[in-house]
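Down below is the structure, laid out as structure tokens.
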């Protein structure tokens with residue numbers, strides 16, 4: 023397994039060697055799989071690469087500490103999706119995360135929980151849980167309609183503590 027960091031696009035590439043890629047390993051720059059058509063269907067076999075979209079820590083002031091992902095163009099996805107499709111996806115996911123981690127909603131949920139002797143979270147759920155369910159539904163919808171048909175799949179970032187989004191490249 024080989025890993026390389028691309029600082030210009032805030033992404034990293036994880037490539038596993040297989041028979042199809044061995045011929046590409048002869049070059050000095052490593053295997054070139056980006057910009058090629060899908061080699062397999064999503065979910066069938068291992069992805070050829072995983073592209074990471076890093077968390078954006080540049081927010082200042084009231085938004086500092088907010089969970090959001092860098093919403094720039096990732097050149098490794100060129101030829102599979104358009105920059106507008108990626109930006110729409112990331113903007114929608116970032117808006118849901120901003121709502122989920124809204125401090126005023128947390129204050130309201132906690133106040134209601136205290137006043138109801140902690141019964142309200144069981145009966146009504148919390149704003150955070152509802153937003154995380156919406157995040158999962160939105161991610162699934164984007165995967166089915168935009169990413170899976172072109173051999174890409176976005177994984178839920180909860181598995182990596184929301185440090186980055188992983189886009190599987192088939």
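Residue numbers (the numbering used here): 23 to 192. Glycine included, each C-beta is placed from N, C-alpha and C at the ideal position.
Relative to the Cα of residue 92, the nearest Cα in the group 117, 170 and 160 belongs to 117. At the C-beta level, residue 90 and residue 102 stay beyond 9 angstroms of one another. Annotated three-state conformation of residue 172 is helix, per DSSP.
Note: residue 91 is bridge-paired with 77 in the DSSP secondary-structure output. Shown here for residue 157: same chain residues with a beta carbon closer than 6 angstroms to its own, the five before and five after excluded, namely 118 in chain order. Counting along the chain, residue 164 sits inside the alpha helix (DSSP H) bounded by residues 149–164. Per DSSP, the continuous alpha helix (DSSP H) segment holding residue 126 begins and ends at 125–137.
In this structure, the alpha-carbon of residue 61 lies about 23 angstroms from that of residue 161.
When C-alpha distances from residue 164 are compared across 152, 151 and 178, the shortest belongs to 178.
Counted as a single uninterrupted DSSP element, the beta strand (DSSP E) harbouring residue 187 occupies residues 186–191.
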